[in-house]
Structures are given as structure tokens and as C-alpha cells.
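Worksheet: one structure, shown below.
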Amino acid sequence: MARRATDRPHTRRDLPAWPTDGLSYGGDYNPEQWSPDVWREDVRLMQEAGVNIVTLGVFSWGLLEPREGEYDWAWFDEIIGLLHDAGIAVDLATPTAAPPSWLLHAHPEVLPVDAHGEREAPGGRLGWCASSPVFREHALRITTALAERYGDHPAVRLWHVSNELGGGNGRCWCDVSAARFREWLRAQYGTVEAINAAWGTAFWGHTFADIEHIEPPRGDKHKANPGLFLAFERFSSDELLEHYLAEAEVLRRHSAVPVTTNFMVGSGGHVVDYSDWAGHVDVVANDHYTIVDDPVREQDLAFAADRMRGLTRAREPWLLMEHSTGAPSWQQRNRAKAPGEILRNALAHVARGSDGAMFFQWRASTAGTEQFHSAMLPHAGTESRVWREVVALGSALRRLRGIAGAPVEPAKVALLVDEESAWALQQGLKPHRALRYARETRLWHRVFWQRQVLVDVLPVDADLDGYDLVVLPTLLVVSDAQAARVDAFVRAGGTVLATYLSGIVDETSRVRGGGYPGAFRNLLGVTTEEFRPLQADESVLLSDGGRVTDWSEDTNLRGAEAVVTYADGDSAGRAAVTRNAVGDGAAWYVSAQLPLDSATRVADRLIDELGLPRAVEAGTGIEAVRRNTPDGDVLFLINHSDADETVAVSGRSLLDDDATFDGTALVPAGRVVVLRESAAE
Amino acid sequence: MARRATDRPHTRRDLPAWPTDGLSYGGDYNPEQWSPDVWREDVRLMQEAGVNIVTLGVFSWGLLEPREGEYDWAWFDEIIGLLHDAGIAVDLATPTAAPPSWLLHAHPEVLPVDAHGEREAPGGRLGWCASSPVFREHALRITTALAERYGDHPAVRLWHVSNELGGGNGRCWCDVSAARFREWLRAQYGTVEAINAAWGTAFWGHTFADIEHIEPPRGDKHKANPGLFLAFERFSSDELLEHYLAEAEVLRRHSAVPVTTNFMVGSGGHVVDYSDWAGHVDVVANDHYTIVDDPVREQDLAFAADRMRGLTRAREPWLLMEHSTGAPSWQQRNRAKAPGEILRNALAHVARGSDGAMFFQWRASTAGTEQFHSAMLPHAGTESRVWREVVALGSALRRLRGIAGAPVEPAKVALLVDEESAWALQQGLKPHRALRYARETRLWHRVFWQRQVLVDVLPVDADLDGYDLVVLPTLLVVSDAQAARVDAFVRAGGTVLATYLSGIVDETSRVRGGGYPGAFRNLLGVTTEEFRPLQADESVLLSDGGRVTDWSEDTNLRGAEAVVTYADGDSAGRAAVTRNAVGDGAAWYVSAQLPLDSATRVADRLIDELGLPRAVEAGTGIEAVRRNTPDGDVLFLINHSDADETVAVSGRSLLDDDATFDGTALVPAGRVVVLRESAAE
Amino acid sequence: MARRATDRPHTRRDLPAWPTDGLSYGGDYNPEQWSPDVWREDVRLMQEAGVNIVTLGVFSWGLLEPREGEYDWAWFDEIIGLLHDAGIAVDLATPTAAPPSWLLHAHPEVLPVDAHGEREAPGGRLGWCASSPVFREHALRITTALAERYGDHPAVRLWHVSNELGGGNGRCWCDVSAARFREWLRAQYGTVEAINAAWGTAFWGHTFADIEHIEPPRGDKHKANPGLFLAFERFSSDELLEHYLAEAEVLRRHSAVPVTTNFMVGSGGHVVDYSDWAGHVDVVANDHYTIVDDPVREQDLAFAADRMRGLTRAREPWLLMEHSTGAPSWQQRNRAKAPGEILRNALAHVARGSDGAMFFQWRASTAGTEQFHSAMLPHAGTESRVWREVVALGSALRRLRGIAGAPVEPAKVALLVDEESAWALQQGLKPHRALRYARETRLWHRVFWQRQVLVDVLPVDADLDGYDLVVLPTLLVVSDAQAARVDAFVRAGGTVLATYLSGIVDETSRVRGGGYPGAFRNLLGVTTEEFRPLQADESVLLSDGGRVTDWSEDTNLRGAEAVVTYADGDSAGRAAVTRNAVGDGAAWYVSAQLPLDSATRVADRLIDELGLPRAVEAGTGIEAVRRNTPDGDVLFLINHSDADETVAVSGRSLLDDDATFDGTALVPAGRVVVLRESAAE
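Encoded structure:
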């Protein structure tokens, strides 16, 4: 393979100005759904809540350009003026997430086509194929018009390219995309012979006689060659990035304001490779929604925030562009938030590096697909718990404004995540089709999170200097270079913990010869001769008393020592968890899908052996993170449990209560304490 | 919105003659599946069973018109003659449910297209798009030919337009339908601006620049604008009605015989809006099949029958056109009926207003899709329990002939149902996607049914005069006018009970501003500031000891009193059930999905407070209903339980046993008692 | 119906030479995935393992014919030469399972189309429609070229036509197939009137005016006429057979080497009717994979092997062409085999008549769809349990070479299976849609297998002479001739056991009139007046203490005696199992889906009454089968349980241990004993 898109030079600009003074607070604002008298009420209530920024224009294309090439700016001028007069900054969106009806009617061919050949119907969001030259032309015209008109407007403090790119158009299997895919393959591989060699197409007789014979992997998502699957994922990420870059280029040509787009970063694999995209946005921004039936929603949130910080290489603030005050509407049973959860959620993001907390959306819609989505101003209006908590959050953020720009304390643990591993795990025939990448990443983040040990969730190519422990949960796809970096880290005294299926395939999704765990087997001092996936009703007892489900392996020690062994089943007596001393470092291997209790024991031993710093020492329900300001550290303590807890800290509360803590602080159940720390008396 | 189809003038004719003397008994008869010698045996056995009417010709088109424009009447003449000679009336069907193979071969474009663009294959039923001008032309030609030939035949006592219209072709997303949909929108709304305003298309940037840009909601059933969804449902009902009316007009032009079509009325939402259709049939007729894994099948049956009566505004008899003697074949595990269940089921329909009991079908087919569907004459022939029970039912119906035309006793409870609420609940993104309309309608019918309190299940626009209690289960879609009628009912001294999600959206499926429960919040004296849908494994304890699943709300009292409160969870202390005194009336609100025990307690209090009449006082397994004949009341007692029960009644049995009851009647387990009542000695 | 494809004259040739000396051992070999240096290592390791045959060329088309009409034989010559030099026979495949990319690119119309009109994407296996004249032409050209070049090569000992025909292209609903289907219908039925009569198309008005109006059953798999469904299944089997025969004819023209293709025989219905195909292969060969979540995988294997033997009418050896050393990759959670399972599985096939044990594949692929499929030489290489067991198996097979050609001992029990019954049970509306044919066939095989009673699993038209018991599990589709043969068997003194739904429909899937169980009701002396399918949460107690799920019936004795009765439910008191004495014979009927314990009791009574021979008397975990060699009997004892077991036998071990057994043999848990028997001292 000649080159990866990640080799593309970054276009990110280091721009000093954050869009707001202090922390950013606000949400998506869609005034076109309301009458002008409501606009005035909105601005008044925004001020009451302390809103200092709103995202504008996301879905306004059809109203700004009601007919091709004809623009109506008047209403938009008025809105922007109202906001500017009220001191509210505008995060101005290019409206390309919402192609107007006249465009889709005239050019239905811009709508994406799914893997079964069905063209998407109009009526959703992002109903366009990223490879469509027709759409690109129209999108850049409205972007240009918008940039020309508002590029220098003092209210506009941030550009928001389209919206959740890929959320609806992440993949397109149309013939235009297929042709672009072949161009992409030519650029990446050069020749059909190189593709055949890389993908091992001889299997099942899939050797391509010509690149023109290659089609995207249509139909069954398990049938195609794994190399083809992975290439199409990369291509699709690249195509969307091309679109983003094309819009960003227009904006940057007309405006000095920073450019961003809202990512959708969570715990699993994503629609695009954000580790690649992060180098092209001036501010890294995220939309995060908790999953209503996730029993540890707060840890998923922490994971996502730690991953966002990781996308900045833990060097700078990022921005929470969307989250929710309550129930979404796109899930099955859209749970409302519990009292206090709004503050807990928002400040957990801030604690972990977001310099703001924004919502979808300002005012709850009464019509349209998301008419039941929660908002800052709910259907019930201001006489509601949600509104009171929104006002309180605004107040809290104002009081915390001093932390703007302050870095989160340096972490000593890095957890490496990789979109390509997530993609590869879900496609093609795998030993176990129900494994989920996020299950393993979440587990190994959780065992440290519950101990108040900060983890940087990093892209796989991030710099590992300064970390004591690097965790590789199911890092399935690994290049030689990546493997070498991990190896060097250990040989320099670091500790690595890799879990099952790590290192198994190379960057073309090809199994590494010579035995498992492939790229890491020498480092780990252990080999696996055979995988032993478990059936849905099976489990295996471990020597530490835990019970393994889903995955086990027939391991052989090749220098490592067994830490935990399988206690029954066909692998009885073999090692489930191993440790290999390598110079001053150590390489751990976890060959099983561990239960929480066993993983906790492993983490506790690592915390102990490596002296990993805990922000505070508290129970598993306490989340604790520090940000380092020039004026001293600010400690966030969030109690997710049902019981009050006392934590050993000293300092002064930054929130409304103005409390001081002298040695201990009570963190009531469900509450948040933020304090500027001082030494205990 | 300019007008609804329901505003269309009714075409129903008040025709005095019921198709049979006394109660109607028979079924679908498909003689083309059998040889002429079997026809003669059929007629003989029909007479043995007491059959006095059969439905003929439903699937005969291809045999009556074997080639376009060429007719073969001879065999049909013979059949009709045989039946007429035996004194068996004919319910003559236009055969348009079964387009002939030559038509589908020549015009595959008449086949319906699904939401994903797949055109239906030939080989089912009703394989035609209701908007197809090609199909319409052919359908009216055979209808005309049939009406001309048999319009005055003395055997023909009822016209049966097509069959289960919508059962297979309820929706069509083809381009012909799409164009007709736009015409319909133009007629309903006038301008695109009116549509944009009504549907709130600004959300997600869906503003239509032209009505020509509007397409039916294809693809994902959750994505489109709720207003578009609801409009397409209404349009589809209207298109099918247009087809029915076109056929009916032909029949009425050529014949004075009443015209009907068989509805498919059950507990939930239907494929068309039968409350609209009912005004266009001369006799209201229904097909009802119990759902084999429904643990309370008999109450579903009672609900459907009460709803059929409601479609006549409780004023006149209706006709059970199809039910089954045993297992259907279109369900997963097609349960046979238990011994005695045929009589229980048939007489339950009759008790609730059907002047007959008909079946699909007379003789069990040996071939074709439904070769395993039960029939009056089963595969096993006359040496079978089913046949013996069929003969016994015929005898029972003859003995009950005196109730023909008699009204069911007036109910004091009305339960309002609404197709549009059912449609709206299942489409688009909702707070809880697994809620089922029928769950709530069934619950609130059941708590009265088990107390022998008669409930009229009425269309939402029915006259409420004369009722003491009106129940609104999840009446999601409510117009201002409908809300005003409910309000007036209470202010005039009536009692209303509304359950969660009632009144939330207006007639374009738009959330009513100002807080929940929208249209009814002033009447109910309670507001909900936030919905709290529950996850699949969650429940909430109530103050009355019940356990709520699926749905709860954060309510605030605004004049109402709390009757039941939430006892744990995030809504603890808030009201789950409220009562608001309004003048002489009262308005109850149920904010939770109540379990049966809690709902029963609410119903029992209402029965007590309002003095709602029970037909008899008996256990929950006894179904009891009266019909009022000129010669006195006839009481039906049906024991659905496994235990005999004694009921306090007096009178003389109308069934074969000729028993008299003097103060008490024993209703054996699984048996039916029908008596003409007299005062106890 | 004029004729069935099964009436086609067999093309099988009785060729004396088995492809290898002694038992065949090897697997699929795909050298094009590896470099020439690996080829040499392969041959060396094959010799180490005792491999004497490999299947070559399955996926080589695109490399042998890289452009249309241009061939590259050099690499293939080299491989064949290397193998020949090493004394390894070649089972040479026509490469038509893998059409080259240039063919699919130039002729996408050869790709199959599914029932919903979606054309399959390139990238799988067997991506071609069996009715495509374009594909046929290309396939026969490469077959001819291959046959001309290697037809006389001394290494080539077997021809392997394509691969798993139907595994991917078993059905095609394209228009070319549809036209061929109509031709097939014309050949089978002659006239449209004959079709209408046979299928009973009058139901739902499906009478065809012309054969040209008939389409394959597209769309919903439950909607179409059952006769149409069954005809399309037969047609599809015939079309694939036509393709096989066309290739075989080319090979036979150019080569005297036997021709086979690999079947995929298991416990249920198959993609084609192998009972028809078996007459057209010179050696009957099978691919068998255990299903990882089957709790009795070893009995499924025994069933498949007994069925393969049955396809030879139990007269001759067959060949296990593929099985696996460990996990497949096409299942959900691909279980590895337990230590010892490789030997148990391979020798179970051999015990039951396979003269060899071959695998997919020789060396584990690192790329392609099945990159995680197990192999003889796993990813871990020779330092692995799998490799050691492969070497041990090779050694065992060499030691067992004396049994080559020896028949399996004659069975006294025949179990009749029928593809058409399996097809008919799964299509169209059935009384119970979740019944699975394999559930019942497996049950009645298992009750004898666990008693070491050999069962021949036979096609329904097999000769029944010599059997004492014939079992008919759910033999739904029965012709009059087949029924008469069963009848004659019983009247001649045989015993038959038929289970529910047997004999219900005729060969056009039409219900037999006159009552259930249709074709067999006179023989069985019992009638069923009504089926009573049970709901998922229902069961019925039997008089023998067992609990019936899924299926019960309302039976009436008509001469038979009740052996077991229903003890509760609506059928209480009726017979669940009956026995009808008929002359010297007996006819048993099982009207219920029996649980294992009840079925075991029935089988034990039959074993006892009929004196059915057990190979040995041992616990249910011991599998025992004899092959009769000219030098005496060879007994295979396989212990599938977790406990050692002692069996009463005498003889000398044929495996490496060289043990002798004098009256008893210890069969350790999980181990296999094979001995040449002698009389006990």
C-alpha cells in the first residue's frame, strides 16, 4: 500500500482565540422554526441562562437559498444581529447537512445508495453522497455565499462545517462512489497486482484482472475479502474528509475565524477515522449522547471525553458541541435524565478538557422528526426542573471560567484506540461475530476510571512518551511500525497490557503468520495456538475466581509468567493473563474476555506496581479529575452513586455554595463538588 | 389543512332488509376449488348445519373472465341456482381481490410497491395499487358485468365489494401513488406554504419549495416528518375508499341490494380509517380472528365487537362476516380452538350486536396458500368435533333468531379510539418506540369487561350524550374541536379518564405548545413537565402497590388531586393517577402505563362512584351482555374460566336445553347460557 | 405431473479404482495463496502427516485463464508435478466455483438474483445462475481445457466438479431462470390446465391462463401456492444438476478418472435433492461441518454419515471430502475442537462408511474471507496440538487401511428422509411455522444411536428389504407409490413408525382428502381430526411422564391401540403414541413432538420387541459401529462422554497402542478404540 490518508499534511491552524470569553455555553439554535417574537424571547432567556454562544444555520439552506442561486439573507441578518446585540457569539454552520428540496428533486442522484442498491429517500439528514460532484458544486456555492456575507461579521466566532458528517451518509455504494473508490485504490496501491498481493485475493479465486473489476463490498457484510472491506472503510472516511476540506478551504479563504465540525466520538468504532480528521479542524469538537440503557452511562461519557482529549494529543481544550438536557428521541426508550444529571454530565466533560458545554438544542421543536428531543428550553417551558438546572449550569460555568484553557492533569496511562480495528472486527467472517470493540475498550478504561486514575484515550499512532502504562484493548489491526513503537516503549521501561486479538492482522487485515498474537507475540512472551470462542451459554472459571465469557485461548508460555490461569474447560491450566518482564519494562497479555472483577484485580496490581496516581482515593462511584490552572489545581469530584461520600481534600469550592474544605469534603449522592485545591491545614 | 376525507358526505343507504331471515349463518364458499358433485354435497351439508347465507365469488375473477372481456357465467349460474333452490342467500362478491393472471402479466405496473421500492410479486391477494387507473378500469368492467347479470337475482341479498380491502395493498409507494398523493395534498392544503407551516418542515431543513418535491415517506419508517407520515396514512385510506366507492357506485346503479365490504377491525390501529369508511357501507361487516398467543383472546374479541357496534354509533346490528372454527394458518403456531370455543366466540359476537356469525370458509381447501386454514367442514369431514360444533351453532342461532334487529343494551361507558393516534404512535421518532396503542385500549376495556360493564368503543368524533364515563386511552392526536367536545362533556357533568400521551399532538402530528398533556392539561388540572419512559428491565412502584412498566411522567398538580403516586424512582412523590373535579364532572389522568391490578382499582372506583351498571355481578371470567328485544331482554352469559359459576338471574334458556332459571343460573366452565329474562320469583 | 427429474437415467459409472491406496487422507490445497518455497514445505509436511490425496484447483480459474481464452498452465503443472513426485494423488477440481473477475465484469448478468430482485454482488463463491447460458459456455470451456491437459495425468485420480454446488447459487429468481422454469414446467406438466389442477390454483384466484404467466415464487416466502413453491425447489435442484452433468460429460469424454462433486449432507433439508444427484457421481462425497452450538454435535455427524451411506444404498464406501480440524469461521461463535475431537470425528465418519477423511483445508489462509478457518496446518504451524493430532490421525488411518472397501455391518433400522418434505415444511403457510424437519429426524436417529443400534438413513424411494424397522419422521410429502411401498413393507411383517405430519400432502404439496394422517391413516389405524400446535410457552403432559412441546393432535383410534396418551390439555385422554398390529407387522404413530425421554422409551420398546441388534451394550455416550472386512469385523468404539467406560469386547487394537482386549475394553473418556474382533477367550 502506497500511502494512507493519515499521511495527508494537516490543515489545522493554530488559532489563539477561543470563540467565547471563558467557557462556552449554549446550543444549536434553529430560529427558522419560530416566529420573530419568539426570537426575542429566546435571546432574553439565553441571557437569563448565561448562554454565550449558539450554533446557527445548520438546517437553513432551503431558506437561505430558496431557489437555485437566489438568496434570502434578511431574516438571517436579523437573527445574527439580535444575537450579536445580546453578546452571544455565533458558531455559524454551513447548511450543507440539509440539501434543499429543489436540489434533491432536480438531482436525486446525489442521494446515497446502500449496500443493497437502494437509494435513500429524501427526508432525512445528510442525504448526499460524499463523492457526488453535483452535490459538491452546490454545497460550495452556498458555502461561498455564506462566507462572503458573514466571514467578517463580529458575531461569527466559529465556523461549523455541515453537521455530524457521516451521520447518514457515512458510506455510499452508488456507481459514482464505486468509480471514485477505484481512483482511490489506484492512488493507494498503484497496480492491481499490488492489490491482489496485499489482500490475498487468491482465496476463493477473487484475483482481480484489472482495478476496473473492483466494486465496493456490496450485499452481505460478511462475505467480501477483509482487505476490500477495510479499504472501503478508509476510502469512505477519506471521501467525507475531502468534502469537509473543500468547504473548510472556502471558509478559510474568506474568513479568519476558526473552522470546526462536530465529531461523534464515543466508545466504539466510528463512521470515519477521527484520528485522521482531528488534524484538519482548528478546534476539536464533539457531540455526545448517553445511551439510555447503558448501566454505566457516566463512564461511557468519561471515555468519550478522554478520547476527545486524546485527539488533541492531550495538549489543548476541546469543545463539547452537543449533548442533551434529557431524553433524546432516536433511541428505543428515550430516558429522561435524573435530577442533577445535567450538571454531572456537563461538568464531567469540562473536567476532562472541554472548555464548554453545549446542547442540542436551545428550544424544543414541536414539529419534525425530533419533535420529542429534549432541549435547554423544554416543551414545558421555564416552569420545569430542566430549565432550572440549565440556569444553574450556566451559573456554574460562569464561576468556573478561570479554568478556560487550562490543561487536564497529565495522565500516566494511555489506552490506544483504533477505528480500523473496530471496523475490521465487525466485518467479514471472524472467529466470534458478536465481539464488540467497545466492550473491551470500555472495560479497560472503567477499571481505572473507578479508581480515579486518569487515562488518555489515544489514537494508535500517538506519542507514548511520559506514560507508565499503555493499554491495547483488542488492537486487531497493527502495522509493523506501530508494533515496533509499542515494543520500544516497553524496552524503554514502560508497561504494556494487550488483550486478546491484538496484533492479529496487518494493515490490510491479513493474518500475521507465525502464530498469535501476531505482531506482539515476541514482546508478550506468550503464543496462542488456537482461539477458543465460547458459546452464548458457556463460561470458563479462572484461577482468580472470575468467570470468562465469549473468548478464551489456548496459550503457551514463551518466557512470560502466568498471572491468572483457566481453571476448567478445554484450556484448563493454560494462562489467561500473563506478564513478561522485558528489561525494565513489562508486557502483559490478557487472552480472555475478562469479567469486571478479574479486570479490576489486574488494574489494581498495575496501579500498585507502577504507582499510578489516583486523583483522590475514593469509592468506585466517585469520578475525580484535575485541571491545572496557573492559579493552582482545580479538582472535580462527581458522585455518581446513591450514597454521600467523604473525600480527603482541601480547598475552596468554585460553585455557588462557596464552601471551604479543610482536609475532607462531603460529596453528596448525585452531586458535584469543584474546588480550587490548597494544602490541608 | 382544508378538509379531511371524513368530511365527505356519507353514501350509506338505510335499507330495511337484512340479507337473511333471522340471524345470518354461513361462510365464504369457493366452489371453483371443487367438482360439481361436491357442490351438491356442500348444499346438502349446509342445510344440515343450518347455513342460510354464503359469500360467493371472492376469488372467481379469472374463471368468470378467463380472457380480457370474455366471460364464462355458466358455472356461476349453476352454483347460484343450487344455492337459491336450497334457500341459501348469496352475499355476492366483486372478485377484485384476485386480479387474473392475464391482467398482472399484461400490466405488472398495477402491483403495489413497498417503501423500499420493491414491487410486489404476483401470487398473493389484493395485488394492486389503489391509485392505478389501469386496475380501476378492469375492476369496474368485471363489477359492471357481474352487477348487470346478477343485480336482480333473487338469491343475491348482499353485495360484498372485493375482500378485506387494504389487506395486502394498504399502502403503495409507487410513482403513480406518489403523484396521486400530491394531488391529494393539494386538495387538502392548497399551497406548499400551508404544508410547510402545518408540518413544521423547517426542522432538519425539509422546507418544500414546491408540492411537486414531496414524495411519500419511503425507506426508514422513523425518519420522515410526522406530518408527512400522517398525511400519507390518511391519503392511503382515502385512496382505498375511492376504489370501494367506485365499485359500490356501479353496484348501486344496477341493483337495489345492500352493499358492504368486510372490515378487519381489532384492538389496535387499522390499515384504513374505518370510522370514515363506516358511513359508506349499507351494512357494517367485520372479519375477526383471535390471535393465538393472546392470553385473553376472548376480550380482544369483545373489544372488536364493541368497536364494530361503535362504528354504527351503537344504533344498529352489524355482521360478523368472517371468523374461524379453529386454527388459522397465517400465524406462527396456529392454535386450534378448544372444545366449546366455537360457540363461545360466535355468541360473544352476537351478544355484542352482530346479527349473524359467518366463517372463512365453508369447506377446507386442500390446495393453495391457506390449505391448512380451518373451516366449517374440516379436512376430517363430518366425523369431527368441529363439524358437530358447527351443526350445534347453527341450531343455537336458529333458536336465537328472535333477537335479530334487537339493539344491545345502552352502555354508560364510552372508550374513544382513533386510527390516527394509532398511526402516529408507530411512526417517526417517539419517546418510547415500543409502546403499542392496542395495549392501552385493551387494558381500559378489559377492566370493565371483567366486571360485566358494557363499553361502547367509539370513533373519536362520536356523540357522547348519554354516557357517564368516557375513556381516552393514549389519544395522541387530538384536534381543538375534539378537545372542546371532551371538555364540554365534563363540564356538563360527565367523567373523563385520559391516559398518558393523550392530547399531545394536533391533527398534523405537531406537539402542542405550553406543556403536556397538551389539549387536555387545563381540563385535567395537571401538567407533565417531562416524560420518563422506562427501560425494558425497569419498573416503578406505585403507592397502591402496583408496578408501572414502560411509561411514567413527572407530573405537577394544577388543581387536581393525586389518587395514586409514584413511590420510588426519579418521579417519587409525584402523581401517577389524578382526579380533577370540574363542576359536576370529573377529569382523571393516568400518567403511567398501569398494570392490570392498578387499572382495575381505578375502574372499580369509577364503577362505584358513577354507579356504572353491571350486566350481572360475577367473577372476572364471566362475560355478560344483554340485547333488548321487544319481547324482553335476552342475556348472554359466557363462562371463559375453568370453573363453573352461579349467577343471580331468572328466565328461560333460549338454547337447546330449554332450562329455566329461578333466581340463579349455573354457567358451567367453558359454556354459554342465553336466557330470556324474567323477574325472579 | 408428467415426470420427475429423479426419473432421469443415472449417469454414474461403476469404476473399480478408489483414488488412493487404502484410506484417503488429505484436504483442499490452494497453493496459489503461497509462494513456491512454501509449496515445497507443504509437500514435505504432507508426507510427514501421511497425506495421500489433495483437492486442487477449486479456486484457480482466474489464474489458469487470466484473460478470456488465454491460459497459464506452468504453475499448475509444477504443483501437480511436485505432488505426483511425492506420491500424493490429485483430486482435480474444475474451477467453476470461482468465476474470474473479467467474466463477472463483462457479464454481470450471470450473478444470481434473490427473491427480492437484488442481484448478488461479486465477491462470494458460486456467484452464477445455473440457468445462465453465458456462464455455461465459459464454464465448459475451462473444463474442457483442464480435461484436455490433465485428463491422463497419472497424479489425477479423481475429478471434483466445481465445489459445493448450490452453496451460494442454490436458487436464482432472475428472468433467465424464470424462463427456464417455465420450460421445465412445460416438460413436467405439459399444459397449464394440468398445472392449475395439480396445484389447486383456484384458491385465492391464482388460476393461470397461460404457462407464460407463471413466475418463480418471488417475495414473501410464505405467500405463494405450495405447489409452485415445491416445483421451484425441484426445478432449482434440476438446474444445478444440469450444470454438474454438463461439466461431468466433458470430463468423462476426456478422461477415465472417476468424477464426483462434494455434497453438503447434514440432518435437515438440503439445497438440492441429493437422493437424485447420487446416481450421477462415480464416488459419493460429502462436506460435513459440525454446528458449534449443537449440544450433540457427534450425533449430527453420525446422522450425516449414515445418510451418506444411505445415498449409496448402504452398498459401498463414500468419501468425506471436507471436514475441519477445528473452528470454522462462517458460524457465529466458531468453536475450536476439544483435544481428541479431531480423531473422534474423523473415525466416526470412517466407521460409518467413509473410506477416508479429508479436510478444508491443508494450510490455513492468512487472507480472504475464510482467513480464520481452521486447517490441517494451522496459523500456529507445527508447534500445535492441531498439527500433532493431524499427524496422529494420519498414522491411525494408515493402520486402518485394511478396512478400505469393507462394508459397514448391515443395519436393521432404516430412517427415511426426503428433501421435498423438508422443503415443503418450510414454505408457505403451515400449521406451525417454527417446526424444523431436522429436529424430528435427529430425534429418531438419536434414540437408536445412543443405544449403539445402527440406522441407515435412506432416501424415501430406497429398497426396504432386509430392514426390521422403518422410521418416517415427519414425512410430509408422500406419493401414492411411496405410501404403497410402506404399506407393503408392514404387511410383509415389517414395523413402521411414522411421526406427526407424515403423509399429509401429495407430491404437489396438496393436502390429502379424507382426514389425517393422509396417506398412512389406514395403515396406522388412527385418524387425527385436528392438529393442536402448541404455543412457545405451552407443553402437554403425557401418560408416560414426558412433556410434549410444539405439536399435539386430536387423534381417534381406528383399530390401533394407545401406547402413550395425552394427560392434560385439550387433547387429554387421546392417544399420543399408537401401535397398530397389521398381519405380522406393526405400524406405530407418534402424533406429538416427543421429548427425548419419551422417544427413548418408544425406541427401547422397539429394540426389545424386534430384537434390534446393538453393536455393543454400553452407555449413551458410547458410539459403536462395525465394518465387516474379509479378515473379520472391525469395531469402532468412540467415547463421547467425560467418563471412562468399559465395554464387553475382545480383539486386538488396530491403533498405535497395539493393545489386546480379552473380554473387556476400557474406552477412556474422549478416546477412540478400534479393534479387530475375536471371540472372547
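Chains as they are written, first to last, in UniProt numbering: chain A, 1 to 681; chain B, 1 to 681; chain C, 1 to 681. Note that CB positions come from ideal geometry on N, CA and C, so glycine has one too. Treat the numbers as computed from the prediction; the structure is a model and nothing was measured.
Chain-ordered listing is empty here: chain A has no CB closer than 8 Å to the CB of residue 221 (chain B), the nearest sitting near 11 Å. DSSP places residue 345 (chain B) in the helix class (H, G or I) of the three-state scheme. Taking 7 Å as the CB threshold, residue 511 (chain C) lines the interface with chain B. At least 7 Å separates the beta-carbon of residue 68 (chain A) from that of residue 143 (chain A). Per DSSP, reduced to three states, the secondary structure at residue 529 (chain A) is strand.
Judged by DSSP in its simplified three-state form, residue 39 (chain B) adopts helix. In terms of Cβ geometry, residue 414 (chain A) and residue 467 (chain A) form a close pair [threshold 7 Å]. For residue 226 (chain C), the number of other beta carbons within 10 angstroms of its own is at least 16, and it is reported as buried. In chain order, 325, 339, 340, 342 and 343 place their CB closer than 8 Å to the CB of residue 389 (chain C), counting only its own chain and leaving out the 5 sequence neighbours on each side.
Residue pairing for residue 521 (chain A): DSSP places it in no beta bridge.
Measuring C-alpha to C-alpha distances from residue 22 (chain C) to each of C:424, C:593, C:396 and C:209 identifies C:396 as the nearest. Within the stretch 174-207 of chain C, the residues whose Cβ lies closer than 8 Å to some Cβ of chain B are 199, 200, 201, 202, 203, 204, 205, 206 and 207, listed in chain order. The C-beta distance from residue 209 (chain B) to residue 101 (chain A) rounds to 5 Å, short enough to fall under 8 Å.
Between residue 428 (chain A) and residue 369 (chain C), the beta carbon gap of about 6 Å places them in contact (Cβ cut-off 8 Å). DSSP places residue 226 (chain C) in the helix class (H, G or I) of the three-state scheme. Contacts with chain B (Cβ-Cβ distance below 9 Å) from the stretch 360-383 of chain A involve 364, 365, 366, 367, 368, 369, 370, 371, 372, 373, 374, 378, 379, 380, 381 and 383, listed in chain order. A residue is called buried when at least 16 other Cβ atoms come within 10 angstroms of its Cβ; residue 40 (chain B) does not meet this threshold and is exposed.
Restricting attention to B:175, B:561, B:261 and B:567, the CA atom closest to the CA of residue 94 (chain B) is found in B:261. Annotation for residue 204 (chain B): no alpha helix (DSSP H) segment contains it, and DSSP assigns it neither H nor E.
Residue ranges of uninterrupted alpha helix (DSSP H) with 4 or more members, entirely inside the stretch 256-338 of chain B and ordered along the chain, are 274-277 and 297-311. In chain order, 50 place their CB closer than 6 Å to the CB of residue 398 (chain A), counting only its own chain and leaving out the 5 sequence neighbours on each side. Counting only residues of its own chain and dropping the five nearest sequence neighbours on each side, residue 470 (chain A) has a CB closer than 8 Å to the CB of 413, 414, 415, 416, 464, 486, 489, 494, 495, 496 and 497. Distance from residue 113 (chain B) to residue 172 (chain B) at the Cβ level is roughly 6 Å; contact confirmed, criterion being Cβ atoms closer than 8 Å. Chain-order list of chain B residues neighbouring residue 535 (chain C): 292, 293, 333 and 335, by C-beta distance under 8 Å. Your pair residue 127 (chain A) and residue 111 (chain A) checks out as a contact, with CB atoms roughly 5 Å apart and the cut at 8 Å.
Proximity of the stretch 343-357 of chain A to the stretch 298-313 of chain A meets the contact definition, three or more beta-carbon pairs being nearer than 8 Å. At a cut-off of 7 Å between beta carbons, residue 10 (chain A) makes no contact with chain B. When C-beta distances to chain B are compared with 7 Å, the residues of the stretch 119-144 of chain A below that value are 120, 121, 122, 123, 124 and 125, in chain order.
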